[in-house]
């Protein structure tokens, strides 16, 4: 019988809050109830915002909650060479291209387009899709700009990648926290346009690293927030063109603040450390998040 494998994968760029607690505790509950295992992954490819201090605080919070995970902990920042190997493969297959436009240039391009009466498409998060200009550059021009140290990011050519996949994509989505029934969801990576898969100085992105890590760690079930539901389409496309076995997914409810919005580290919503310091117990946290 295959051992079910779950993972909790926070980024150490702030303090964990109640939303993280719910996700971590739910993953542990499902791993325990299925006789499976829980992994902890530190998603720290953003070496500017992620710090050892935040990581130490996160691990302290998770241990206080009673989480137990299988060692070793995988830290993405220690595996850039693995990601770069995969990136080079995508470059050779011409499924990615260097994108040179700055944010200002993107805004100007879109403003000019909309001035001429064309509504510019946006991704599910409301961000304008990347313009197609760089995709049309000749190889000579691309190499010239790279040689001159022009800033760029590697973007996935979604059209070429979908053609390489050669079939309609979907993923298995569990319908509730019991993981008793699944439905198949159509993957629509084209809704995101040509997403970034790596940067010049960091040979990966969230999308690329997460599919590589899930495959290498044998993750069978990805249980994470509803805010990542649509992005799963991009990851399914990457799994398909890289020949990786996709896990099953469950995108759980979000824990909302008093104002009805999703809790956020960037907005400095009350962290678990502050709740603990105020006298909250792990049992109270579990009750608060509905577990």
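Residue numbers (the working numbering): 17 to 307.
Glycine included, C-beta positions come from ideal geometry on N, C-alpha and C.
C-beta contact flag for residue i and residue j at 7 Å
{"i": "residue 210", "j": "residue 171", "result": "yes"}
{"i": "residue 188", "j": "residue 257", "result": "no"}
{"i": "residue 263", "j": "residue 230", "result": "yes"}
{"i": "residue 266", "j": "residue 239", "result": "yes"}
{"i": "residue 305", "j": "residue 37", "result": "yes"}
{"i": "residue 44", "j": "residue 32", "result": "no"}
{"i": "residue 60", "j": "residue 28", "result": "yes"}
{"i": "residue 205", "j": "residue 253", "result": "yes"}
{"i": "residue 24", "j": "residue 40", "result": "yes"}
{"i": "residue 77", "j": "residue 291", "result": "no"}
{"i": "residue 168", "j": "residue 216", "result": "yes"}
{"i": "residue 3", "j": "residue 102", "result": "Nothing can be reported for residue 3: it is not among the residues displayed for the chain, which extend from 17 to 307."}
{"i": "residue 111", "j": "residue 177", "result": "yes"}
{"i": "residue 116", "j": "residue 141", "result": "no"}
{"i": "residue 99", "j": "residue 247", "result": "no"}
{"i": "residue 82", "j": "residue 298", "result": "yes"}
{"i": "residue 126", "j": "residue 144", "result": "yes"}
{"i": "residue 58", "j": "residue 71", "result": "yes"}
{"i": "residue 56", "j": "residue 85", "result": "yes"}
Proximity winner among the options, relative to residue i (alpha-carbon distances)
{"i": "residue 42", "options": "255, 96, 61 and 241", "result": "241"}
{"i": "residue 190", "options": "302, 46 and 221", "result": "46"}
{"i": "residue 207", "options": "100, 121, 146 and 36", "result": "146"}
{"i": "residue 214", "options": "237, 56, 179 and 173", "result": "173"}
{"i": "residue 223", "options": "217, 233, 244 and 237", "result": "244"}
{"i": "residue 65", "options": "277, 212 and 30", "result": "30"}
{"i": "residue 175", "options": "113, 261, 103 and 86", "result": "113"}
{"i": "residue 249", "options": "139, 88, 62 and 87", "result": "139"}
{"i": "residue 93", "options": "63, 270, 251 and 275", "result": "63"}
{"i": "residue 273", "options": "19, 20 and 34", "result": "34"}
{"i": "residue 52", "options": "97, 73 and 20", "result": "20"}
{"i": "residue 108", "options": "58, 48, 155 and 129", "result": "155"}
{"i": "residue 270", "options": "116, 193 and 255", "result": "193"}
{"i": "residue 233", "options": "286, 89 and 71", "result": "89"}
{"i": "residue 237", "options": "277, 195, 276 and 79", "result": "195"}
{"i": "residue 300", "options": "67, 80, 49 and 18", "result": "80"}
{"i": "residue 50", "options": "18, 128 and 67", "result": "18"}
{"i": "residue 148", "options": "121, 87, 133 and 179", "result": "121"}
The beta strand (DSSP E) enclosing residue i, as first and last residue numbers
{"i": "residue 308", "result": "No statement about residue 308 is possible, as the shown extent of the chain runs from 17 to 307 and does not include it."}
{"i": "residue 91", "result": "86–91"}
{"i": "residue 212", "result": "212–215"}
Residue i - partner residues in DSSP beta bridges
{"i": "residue 167", "result": "DSSP output for residue 167 lists no bridge partner at all."}
{"i": "residue 202", "result": "186"}
{"i": "residue 237", "result": "22 and 264"}
{"i": "residue 58", "result": "91"}
{"i": "residue 138", "result": "144"}
{"i": "residue 53", "result": "21"}
Terminal residues of the alpha helix (DSSP H) in which residue i lies
{"i": "residue 174", "result": "174–181"}
{"i": "residue 111", "result": "Counting along the chain, residue 111 falls outside any alpha helix (DSSP H), and DSSP gives it neither H nor E."}
{"i": "residue 223", "result": "222–232"}
{"i": "residue 36", "result": "34–49"}
{"i": "residue 130", "result": "119–131"}
In chain order, what are the residue ranges of uninterrupted beta strand (DSSP E) at least 3 long that sit wholly in the region 244–299?
264–268
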